[in-house]
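Residue numbers (UniProt numbering): 1 to 569.
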C-alpha cells in the first residue's frame, strides 16, 4: 500500500462525457498493460496516460508487441499533439522531445515493445519535454463501469462492465459505497454489492472502486454516481414464499429460463407477448438484480440456466454468484448472431468437475461422434434434418460428488427450439440429446469403473407433457404418429435409461404470458442411484396473474424456476 499511497498524492480526474464515471489517474504515470483484449486472439499493448497538455483528457493507445519503440513513440506523439490546445509551430510537440528510458538509459528506437514492457517491466520512464512519467506495467486499470439505472430500494446494486478494464480482479477490488443527499456524503457499504434501504430513497449512491490485480498490485481508483434510489414497497417476493429448508446431504437442482434481454426489446415482445409489463420493469436494469436475488435465495448446488445474455453472465452472474455463493459458472453461447446461451453453475465445495461437453446440434460432424453413421441418413431426410439445422446448443457436465466419490453425475442443460409448430423437431432434438447423453454415460462408465453414474437433465424443452418429449424421457415411447418412423426407432432403440420428472405433470405452467401458458420446463433424473426428497412448490396463481402475467414487478422472467432436492441412494 505504500506504493499506492505515494502515487495517489498526485492524480488526474478524467470524467467521461454524458456519464458520472470518473477515472482518477495518478499524475506523471503512464499505464502499460500487455494482454489479449476481449474478443481478440492476439496480444496487444494498451497504453493509458493523462494528457500533459489537457488535464481533462486521457491518451489511449493500442499497439502491437512487435512494434519498434520508434513506431511506438511516433504514434504517441501524434496522440499527444491531438490533445494540445492551439499552439504555435515552435511549441508543437516534436518526436525528439519524447523518448523512453530503461534503468536510466535511453531505449534504442529499434527495440521491440515487448522487449521493454514484457521483459524489463520495472524502472522504465517516459520523457515528454521536461516531464518524466513513471511507466507502470500491468497495474489494474478500470476503463469504465456502470451501475443499474435506476436503483430500487431492496434490490441490490452493483458495478458491471469492469471487464472493460485491464488486469482487474473483481474479487480483490475494494468497494466503498456512499449515500449522497443534499447535505452530506455517508459511507454505507464496503462490499461488491449494496442493497439500498428506505433511508436511501431519493438519495443518490456513489461507488468508489480501488482495483487490484491477481498479484495484489493496486491501480488508480474510479468512481461513479447513481441516479436517485426509487421506493420499492415489496417486502417479500413470491419466490421467497416458495422456500423450504434444504435437507442435509441433499443436492438442490435449479433450472430457470431467464428471458434474454434481446427478446424483450422487439415490437412483438412489447405489444403482443408482454403488453401488461411496463418498459421500465421489462428492462434488464430491473430484472437482473431481481434474478440475482432470486438465484441466491434458492441456495442451489447445481443451477442450469437458459437464455442467459453473454454480458450478463460474464459481468454480473459469474462474479456475484462466485463472490457470495462460491459457485463456478460455465457458459455456452448459441450459434449465430444470438448473444445468449446456456450456463451451468455448481458448488465446487460439493462437486469436482471431471469433464465438459459443449455440443452444437447443427454440427453434424460432432453429432455423428455420438450418434454414429445414422446422422448421414438424417441429413438426407427433408423432415428430420431440420432438427440438426437449428442453432440449438446443449451442455453436458460430468461431476464427482466430493463427499462420496463413488457418485458421478451427468448434468445436462438444454433449450429446445420455440417454434409453435415445431413439436416434431423438438421431439427429434430431445431424442438426439438423449442419445448423446447415453453415449457419454457409456464412456464415463468405462473411464471411471465401479462408479454410480446418474443423469440429471434440465432445461426449457418448450414442450408440454402431452407433446411427446415427456413420454420419450420418462417411458422411452414415441408419440403414436411417429411410432413407425424408422430413423426415430433406430435412435430410440439405443437408449439404455429412462428418467423421472421431479415435478408432476399436474403443474399447470412454468411459462405464463399474454399469448401462452403451459409447463415447458423440467428436471429429469435417473432413479437408479438418485431419489427425490422434495420440490419447491410453484408460486400462487394469484401472484402470477396479479399484473396480467409474467415478467412483472414480482417476477423477472416469463418462466418460473423449478427447484428439486435430490439425494443419492
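Ideal Cβ positions, reconstructed from N, Cα and C, are used throughout, including at glycine.
Span separating the alpha-carbon of residue i from that of residue j
i, j, result
"residue 146", "residue 559", "27 Å"
"residue 315", "residue 51", "30 Å"
"residue 463", "residue 363", "23 Å"
"residue 387", "residue 508", "27 Å"
"residue 365", "residue 297", "41 Å"
"residue 543", "residue 272", "21 Å"
"residue 345", "residue 557", "19 Å"
"residue 18", "residue 82", "For residue 18, the pLDDT reaches just 39, beneath the cut-off of 50, and the residue's location in the model is therefore unreliable, although a value from the coordinates is still provided. Their Cα atoms are separated by approximately 21 Å."
"residue 427", "residue 519", "16 Å"
"residue 116", "residue 49", "18 Å"
"residue 570", "residue 513", "With the chain covering only 1 through 569, there is no way to say anything about residue 570."
"residue 322", "residue 328", "6 Å"
"residue 433", "residue 528", "20 Å"
"residue 72", "residue 335", "38 Å"
"residue 303", "residue 395", "12 Å"
"residue 533", "residue 511", "24 Å"
"residue 381", "residue 469", "21 Å"
"residue 227", "residue 128", "40 Å"
"residue 399", "residue 193", "30 Å"
Where residue i sits in the DSSP three-state scheme
i, result
"residue 75", "helix"
"residue 602", "Only positions 1 to 569 of the chain appear in the structure, and residue 602 is not among them; the question remains open."
"residue 2", "Here the model assigns residue 2 a pLDDT of 39, short of 50, so the residue's position is not dependable and the matter cannot be decided."
"residue 287", "helix"
"residue 383", "coil"
"residue 517", "strand"
"residue 300", "coil"
"residue 584", "Beyond the ends of the chain as shown, which are 1 and 569, falls residue 584; an answer cannot be given."
"residue 563", "strand"
"residue 124", "strand"
"residue 470", "helix"
"residue 263", "helix"
"residue 105", "strand"
"residue 53", "coil"
"residue 351", "strand"
"residue 194", "strand"
"residue 144", "coil"
"residue 21", "coil"
"residue 480", "helix"
"residue 330", "strand"
"residue 29", "strand"
"residue 558", "coil"
Same chain only: Cβ atoms within 6 Å of residue i, ignoring 5 sequence neighbours per side
i, result
"residue 225", "20, 204 and 206"
"residue 47", "32 and 61"
"residue 118", "34"
Sheet register partners of residue i (DSSP bridge)
i, result
"residue 230", "152"
"residue 206", "178 and 225"
"residue 62", "46"
"residue 252", "565"
"residue 218", "212"
"residue 501", "524"
"residue 357", "396"
Residue i - containing beta strand (DSSP E), residue span
i, result
"residue 222", "222 to 225"
"residue 368", "Not the beta strand (DSSP E): residue 368 falls in the alpha helix (DSSP H), residues 364 to 371."
"residue 399", "393 to 401"
"residue 493", "Segment: none, residue 493 is in no beta strand (DSSP E) and carries neither H nor E."
"residue 185", "185 to 189"
Enclosing alpha helix (DSSP H) for residue i [first to last residue]
i, result
"residue 421", "No alpha helix (DSSP H) holds residue 421; DSSP gives it neither H nor E."
"residue 544", "541 to 545"
"residue 94", "Residue 94 -> no alpha helix (DSSP H), and no H or E assigned at all."
"residue 452", "Note, residue 452: premise wrong, no alpha helix (DSSP H); beta strand (DSSP E) at 452 to 460."
"residue 279", "279 to 282"
"residue 324", "318 to 325"
7 Å Cβ shell around residue i - same chain, five flanking residues per side excluded
i, result
"residue 160", "145, 146, 315 and 316"
"residue 244", "534 and 536"
Neighbourhood of residue i by C-beta, 8 Å cutoff - its chain only, sequence neighbours within 5 removed
i, result
"residue 495", "434, 435, 438 and 476"
"residue 288", "148, 312, 316 and 556"
"residue 379", "364, 385 and 388"
heavy atom of the ligand MN below 7 Å from residue i C-beta
i, result
"residue 124", "In terms of ligand content, the structure shown is empty, and the ligand MN therefore cannot be addressed."
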